[in-house]
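Peer 1: Mind having a look at this structure? Questions to follow.
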Amino acid sequence: MKNKATTADAYKLMHDGALALARAERQGIRVDLKYCERKKKHLNRKIERHQKELKHTKLYKLWERIYGAKTNIYSNHQLARLLYKTMKIEPRKLTPTGEGSTDEDALRQIDLPGVQLILNVRKLTKVRDTYLSAFTRDQHDGYIHPSFDLHTVRTYRSSSANPNFQNIPKRDKESMRICRRALLPRPGHMLLEADFAALEVMISACYHKDPVMLQYLKDKDADMHSDMAKQIFMLDDLDRSAPTHNKLRTAAKNGFVFPQFYGDYYGNNAASLAEWAELNYGRWGDGKKGVILPDGQTISAHLSSRGIKSFQKFEDHIKSVEDDFWGRRFKVYNNWRDKWVSKYRRSGRLQMLTGFVCSGALRRNEIINYPIQGTAFHCLLFTFIELDRIAIQEQWESKLIGQIHDSILLDVAPEELKHVEATLKNIVKKTLPAAWDWIIVPLEIDVDSYEVDGPWIAA
DNA sequence: GGAACTCGCCAC
DNA sequence: AAACGTGGCGAGTTCC
Numbered sequence: 012m013k014n015k016a017t018t019a020d021a022y023k024l025m026h027d028g029a030l031a032l033a034r035a036e037r038q039g040i041r042v043d044l045k046y047c048e049r050k051k052k053h054l055n056r057k058i059e060r061h062q063k064e065l066k067h068t069k070l071y072k073l074w075e076r077i078y079g080a081k082t083n084i085y086s087n088h089q090l091a092r093l094l095y096k097t098m099k100i101e102p103r104k105l106t107p108t109g110e111g112s113t114d115e116d117a118l119r120q121i122d123l124p125g126v127q128l129i130l131n132v133r134k135l136t137k138v139r140d141t142y143l144s145a146f147t148r149d150q151h152d153g154y155i156h157p158s159f160d161l162h163t164v165r166t167y168r169s170s171s172a173n174p175n176f177q178n179i180p181k182r183d184k185e186s187m188r189i190c191r192r193a194l195l196p197r198p199g200h201m202l203l204e205a206d207f208a209a210l211e212v213m214i215s216a217c218y219h220k221d222p223v224m225l226q227y228l229k230d231k232d233a234d235m236h237s238d239m240a241k242q243i244f245m246l247d248d249l250d251r252s253a254p255t256h257n258k259l260r261t262a263a264k265n266g267f268v269f270p271q272f273y274g275d276y277y278g279n280n281a282a283s284l285a286e287w288a289e290l291n292y293g294r295w296g297d298g299k300k301g302v303i304l305p306d307g308q309t310i311s312a313h314l315s316s317r318g319i320k321s322f323q324k325f326e327d328h329i330k331s332v333e334d335d336f337w338g339r340r341f342k343v344y345n346n347w348r349d350k351w352v353s354k355y356r357r358s359g360r361l362q363m364l365t366g367f368v369c370s371g372a373l374r375r376n377e378i379i380n381y382p383i384q385g386t387a388f389h390c391l392l393f394t395f396i397e398l399d400r401i402a403i404q405e406q407w408e409s410k411l412i413g414q415i416h417d418s419i420l421l422d423v424a425p426e427e428l429k430h431v432e433a434t435l436k437n438i439v440k441k442t443l444p445a446a447w448d449w450i451i452v453p454l455e456i457d458v459d460s461y462e463v464d465g466p467w468i469a470a
């Protein structure tokens, strides 16, 4: 659009989006019901075995002495009292209300027989009760119909419910396989997933127009996360094909770059990076544990040789990396953040490039994140609407069946695969940038297809 | 007996 | 100066 987007433009996108998403809801996603029932029984047996083993531990016996017939291993309240009151263990972490936390991170630091069994049971019941049971409970004639709402989220993103299609396990490979094995294409079809590449970072650049960031996004050989890994871990070069170097790149990406973009700070980053890179700051530099560099040295020993001999020193170093990140490397982005926040505080409203408006009492990080998160999703929504329009017009056998913020899931007839893919790429490369002239970055959409008649698991 | 809360945990 | 953005949902617990 030539002129600045208005709330009328936002309204039209929301309205067209609601219609396209309603069609996806009606189509639904095929569920392997027999598999779900079989797997739930299998999980029941596994959970029972863990519970039986747990009952033989001292931990459980003490638990029963205190709670008697009320003893419930699924009660975190009971567990917190047991560990932090009765056994007087010092809580490693507190919940928002100030109670001792019993989340995975806190429990993993407690070396007691039985604690690991509780974590095992939690993971298996999560998969059984939140996913497999939801699929069988919410299905009709072998299809689930997750709802996709556009009116529930403060940033004007979407939400999904009944069941939530936007939080099915992916990172944990075991949980991923168990849950995604249950979701199938229609007979003779294949699932296809199309993801925007680094969409939120791309959209942030449309707001702040930082030249250094724009260069990273336009130059296919440039890699922000590798550069940050080199700086954070004091490496002269980084070879992404070397597994340990790649691990450090992932550490930089998930432990520093993304959290910084969301408004986090060096204090949390240092702890998170230490986890990701397995820094042994308890026995700093003893060269026995942690990520091993290609030259055989541990990352901790390497940092130690560069003067980072304690966790405190590491944190100081990360502070200087942060100062450099915003003060030198991405200083235009940083100036935009300050200007954007002060503009919001003057006017009481923020207007997205897509015309959506947010107002109310917002904190600094919210003011900065909302436009990026919302606008990124609107690129997905535009693509979804346009693809759906073409699918109707050309009477495709292939169907749009779901959406996860920056990706679309389709149920595709194999003979239409190439055409669907080409249509998607054309929308993202041509239609979308022509419709919204504020898009000043090369948007890309990556397409992954799964086996014919196969579940939602990468081959 | 149900609403509202807390906690933990899954996704982007 | 302060310090991680957005959701949904299951289970336990508390309140009315």
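Its first residue numbered 12, the first sequence is counted upward by one per residue in the numbering used here. Just so you know, even glycine gets a beta-carbon here, dropped at the ideal spot from N, CA and C.
Specify the secondary structure class of E101 as computed by DSSP and reduced to three states.
Peer 2: In the structure shown, E101 sits in coil (DSSP, three-state: anything other than H, G, I, E or B).
Peer 1: Give every residue of the same chain whose Cβ lies closer than 7 angstroms to the Cβ of E408, excluding the five residues on either side of it in the sequence, and list them in chain order.
Peer 2: Excluding sequence neighbours, E408 sits near A424, E427.
Peer 1: Helix, strand or coil, according to DSSP, for V452 in the structure here?
Peer 2: Coil.
Peer 1: Output the boundary residues of the beta strand (DSSP E) element that contains S170.
Peer 2: Per DSSP, S170 belongs to the beta strand (DSSP E) from 170-172.
Peer 1: Roughly how many angstroms lie between the CA atoms of K66 and G371, to the nearest whole one?
Peer 2: Computed Cα separation, rounded: 51 angstroms.
Peer 1: Using C-beta distances below 7 angstroms, list every residue in its chain close to R119, excluding the 5 sequence neighbours before and after it, in chain order.
Peer 2: None.
Peer 1: Considering G413, what are the terminal residues of the beta strand (DSSP E) in which it resides?
Peer 2: 410-414 is the span of the beta strand (DSSP E), which, as asked, contains G413.
Peer 1: Could you spell out where the alpha helix (DSSP H) holding S215 opens and where it closes?
Peer 2: Here the alpha helix (DSSP H) through S215 covers 210-219.
Peer 1: I need the boundaries of the beta strand (DSSP E) containing F267, first residue and last residue.
Peer 2: It is not in any beta strand (DSSP E) - F267 carries neither H nor E in the DSSP assignment.
Peer 1: Are L421 and V439 close, meaning C-beta to C-beta below 8 angstroms?
Peer 2: Taking 8 angstroms as the Cβ cut-off, L421 and V439 do not qualify as a contacting pair.
Peer 1: So, helix, strand or coil for E115, using DSSP?
Peer 2: In this structure, E115 counts as helix in the three-state DSSP scheme.
Peer 1: Along the chain, where does the alpha helix (DSSP H) containing A282 start, and where does it finish?
Peer 2: Where A282 is concerned, the enclosing alpha helix (DSSP H) stretches over 277-287.
Peer 1: Identify whether F341 lies in helix, strand or coil by the three-state DSSP scheme.
Peer 2: In this structure, F341 counts as coil in the three-state DSSP scheme.
Peer 1: Note down, in chain order, each residue of its chain lying with its Cβ closer than 6 angstroms to the Cβ of V352, except the 5 sequence neighbours on either side.
Peer 2: Cβ neighbours of V352 beyond the five flanking positions: R375, I378.
Peer 1: Going by DSSP in three states, Q362 sits in which element: helix, strand or coil?
Peer 2: Strand, per DSSP.
Peer 1: Tell me the rounded alpha-carbon separation between L202 and H162.
Peer 2: Approximately 28 angstroms, taken between the alpha carbons.
Peer 1: What are the uninterrupted segments assigned as alpha helix (DSSP H) that are 4 or more residues long and contained completely in the stretch 131-198, given in chain order?
Peer 2: Correct list: 144-149, 184-191.
Peer 1: Have a look at the DSSP bridge pairing and note the partners of D422.
Peer 2: D422 pairs with L202, K410.
Peer 1: Please work out which residues of its chain come closer than 7 angstroms, Cβ to Cβ, to N257, disregarding the five sequence neighbours upstream and downstream, and give them in chain order.
Peer 2: Hits under 7 angstroms: R251.
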